[in-house]
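Here's the structure we're looking at; comments come further down.
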Amino acid sequence: MKYIFVTGGVVSSLGKGLAAAALGTLLECRGFKVLMQKFDPYLNVDPGTMSPFQHGEVYVLDDGAETDLDLGHYERFTSGKLSQLNNLTSGQVYENVIRKERKGDYLGATVQVIPHVTDEIKGRIYDVAAQTDADIIITEIGGTTGDIEGLPFLEALRQFKDEVGHENVAYMHATLVPYIKAAEELKTKPTQQSVAKLREIGIAPDVIICRSEHPVDNDLKRKISMFCNVKPEAVVPFVDMKGTIYEAPLKLHDQQLDSIICDRLGLESKEPELIEWRNMVDRIVNPTHTVKIGVVGKYIDLMDAYKSIYESLTHAGAANDAKVEVVRIDSGDIEQNGPSQYLDDVSAILIPGGFGDRGIEGKITAAKYARENDIPYFGICLGMQIATIEFARNVCGLEDAHSTEFNPFTPHPVICLLEEQKEVENMGATMRLGTWEAKLDSNSKCAELYGSTKVNERHRHRYEFNQNYKDNFESKGFKLVGTSPDESLAEIIEIPDHPFFIAVQFHPEFQSKPTNPHPLFKGFVAAALENRR
Ligand code: GLN
88 MKYIFVTGGV VSSLGKGLAA AALGTLLECR GFKVLMQKFD PYLNVDPGTM
138 SPFQHGEVYV LDDGAETDLD LGHYERFTSG KLSQLNNLTS GQVYENVIRK
188 ERKGDYLGAT VQVIPHVTDE IKGRIYDVAA QTDADIIITE IGGTTGDIEG
238 LPFLEALRQF KDEVGHENVA YMHATLVPYI KAAEELKTKP TQQSVAKLRE
288 IGIAPDVIIC RSEHPVDNDL KRKISMFCNV KPEAVVPFVD MKGTIYEAPL
338 KLHDQQLDSI ICDRLGLESK EPELIEWRNM VDRIVNPTHT VKIGVVGKYI
388 DLMDAYKSIY ESLTHAGAAN DAKVEVVRID SGDIEQNGPS QYLDDVSAIL
438 IPGGFGDRGI EGKITAAKYA RENDIPYFGI CLGMQIATIE FARNVCGLED
488 AHSTEFNPFT PHPVICLLEE QKEVENMGAT MRLGTWEAKL DSNSKCAELY
538 GSTKVNERHR HRYEFNQNYK DNFESKGFKL VGTSPDESLA EIIEIPDHPF
588 FIAVQFHPEF QSKPTNPHPL FKGFVAAALE NRR
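Sequential numbering from 88 applies to the sequence shown in this note's numbering.
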């Protein structure tokens, strides 16, 4: 087993996760089995309780783990199967250590960061290694070198190489090489200092990924090489991409990152097979058509809050030979100014998942606008609940219909909690989570798109469609076309008498891959193209 540890310096949001994932792609294309994991130094047990404003989207795995959005990159860039073991936080580490201490497992020892906390961290790498048939594990460490809370993780990684042999471990460090406009110069000092911080802890990077807005020339590479004690060829420029993030593996391959890593770890392989990946990138970068799709949400200012949705639209666009121009619309604005000025020039409307009542009425207005004007509509999780509330109020005539999440006293709780959710007190990891099977009506549009009447999709929600209203809805043309196998839970609704109106209780965006777009997104973008305005 070989191990690659990816750290970051200078600033966050460097694209460290992207670089790690892109390295994963390259190693897979060389024929290796790769498994990726993320260590996050914050004290939350998982990101499930964090606001998207703080931390971007919560990415959900098959087994229901609520994880960091970097795991979304890992699943889109590699094929290794991820589970809750693949995202470790300080919160989990300390929870485990304290549980062991209370049980008396430490046999009277003074429990300390070194060795007990660092053992717990290394233990997770060994656990993952024991359960996988992968050849290489890539572990990304969240945060930046120099952070107090990251120190136990870095110390654990330092110890790790001595346990498994340094020849089996490579350290890759991503830093920023900023451009100072006034001097018209790229600066290496922040890189030097962040590498110095790493070396202070006892980690000498084998590769330095230099994120920069401008090309890094050979002189600069030599300078970084000398000051940071790495080979000149192991200083790998990672310049901003203009077309798409999926170019990252190709750019890093141009800089020979994969062969440098393989040499370092004594891995023998042929050149990577990148044709399929290149073709996919070409489809994304050079499409024939363009189509505007409105995403109506409340975390709209933040690119990371609906990350997987935007990525899925890109994948689906490429499959339709089209560039999807996402128009990000704040549902609060629709509440204030009405839908027309925001929705008149989009060809389709998507309402993503969400929590909390701010902006809900604006989303309901957007769903109504889509339904009445024959504009393709795709509702995801909350987006399905919104479509249900809208139809109940405006077609079924159920005045003040609502979800009990937003109005516990509504006379028509068309979306409500199941009995078992009413007992729940804790917020963390208590929703309906992870992959559930759904069976589809063979006469539905979604069955046609999936090419199947049995699908598995990932969930993250508490509230459900209230089946007491099913007959009323269906008699008015709002069809329940997908349910759990025992039919107790609603999974998909459609309005057959509409060009494209599909809403799902699950999150299809977590299963779309650039080389294998999700069928519902593909169908949605195709419908948008047909409705081009
Ligand atoms: N807030 C809704 C629920 O809990 C929808 C959740 C979501 O969109 N992920 O059911």
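Glycine included, C-beta positions come from ideal geometry on N, C-alpha and C. This structure is a prediction, so every number in the text was calculated from the model and none was measured.
Residue range of the unbroken beta strand (DSSP E) whose run includes residue i
| i | result |
| --- | --- |
| residue 116 | From DSSP, residue 116 is part of no beta strand (DSSP E) but of the alpha helix (DSSP H) over 103 to 116. |
| residue 581 | 577 to 581 |
| residue 382 | 376 to 384 |
| residue 176 | 174 to 176 |
| residue 438 | 435 to 438 |
| residue 126 | 121 to 127 |
| residue 500 | 500 to 504 |
| residue 227 | 223 to 228 |
Spatial distance of residue i from residue j (CA atoms)
| i | j | result |
| --- | --- | --- |
| residue 394 | residue 196 | 45 angstroms |
| residue 495 | residue 92 | 48 angstroms |
| residue 455 | residue 461 | 10 angstroms |
| residue 95 | residue 230 | 7 angstroms |
| residue 576 | residue 553 | 9 angstroms |
| residue 646 | residue 358 | No answer is possible for residue 646: the residues shown for the chain start at 88 and end at 620. |
| residue 282 | residue 316 | 9 angstroms |
| residue 511 | residue 526 | 28 angstroms |
| residue 244 | residue 161 | 21 angstroms |
| residue 331 | residue 371 | 7 angstroms |
| residue 564 | residue 537 | 22 angstroms |
| residue 88 | residue 260 | 21 angstroms |
| residue 451 | residue 376 | 30 angstroms |
| residue 339 | residue 520 | 36 angstroms |
| residue 627 | residue 436 | Any question about residue 627 goes unanswered here, given that the chain covers just 88 to 620. |
| residue 115 | residue 346 | 13 angstroms |
| residue 570 | residue 579 | 7 angstroms |
| residue 220 | residue 341 | 29 angstroms |
| residue 326 | residue 302 | 6 angstroms |
| residue 105 | residue 367 | 17 angstroms |
| residue 108 | residue 349 | 16 angstroms |
| residue 335 | residue 417 | 31 angstroms |
| residue 397 | residue 188 | 44 angstroms |
N- and C-terminal bounds of the alpha helix (DSSP H) containing residue i
| i | result |
| --- | --- |
| residue 251 | 238 to 251 |
| residue 471 | 469 to 481 |
| residue 417 | Element bounds for residue 417: not the alpha helix (DSSP H) but the beta strand (DSSP E), 409 to 417. |
| residue 215 | 205 to 218 |
| residue 201 | Careful: residue 201 lies outside any alpha helix (DSSP H) and carries neither H nor E. |
| residue 264 | Here residue 264 belongs to no alpha helix (DSSP H), and DSSP marks it neither H nor E. |
| residue 91 | Per DSSP, residue 91 belongs to no alpha helix (DSSP H); it is in the beta strand (DSSP E), 89 to 95. |
| residue 454 | 447 to 459 |
| residue 145 | No alpha helix (DSSP H) contains residue 145, which DSSP labels as neither H nor E. |
| residue 159 | 157 to 164 |
7 angstroms Cβ shell around residue i - same chain, five flanking residues per side excluded
| i | result |
| --- | --- |
| residue 267 | 274 |
| residue 215 | 122, 124, 172, 173, 224 |
| residue 246 | 205, 209 |
| residue 156 | 143, 144, 146, 391, 394 |
Close beta carbons around residue i, own chain, < 6 angstroms, minus the five adjacent residues each side
| i | result |
| --- | --- |
| residue 102 | 298 |
| residue 207 | 180, 183, 184 |
| residue 402 | 599, 601, 604 |
| residue 587 | 463, 614 |
| residue 351 | 257, 293 |
| residue 361 | 116 |
Cβ shell of residue i (< 8 angstroms), same chain only, five flanking positions each side left out
| i | result |
| --- | --- |
| residue 499 | 479, 485, 486, 487, 488, 489, 556 |
| residue 612 | 378, 380, 400, 403, 404, 406, 407, 409, 411, 435 |
Interface flag, residue i vs chain D, CB-CB below 8 angstroms
| i | result |
| --- | --- |
| residue 144 | Within the model displayed, chain D is absent; a lone protein chain is all it includes. |
Item to check | Inside the segment 299 to 369 only - beta strand (DSSP E) runs reaching at least 3 residues | outcome: 322 to 326
Item to check | 3-residue-minimum beta strand (DSSP E) runs that sit fully inside the segment 541 to 615, ordered along the chain | outcome: 541 to 548, 550 to 552, 566 to 570, 577 to 581, 588 to 591
Checklist entry - For the segment 511 to 540, which segments carrying the alpha helix (DSSP H) assignment without a break, of at least 4 residues, lie completely within its bounds, in sequence order? => result 532 to 537
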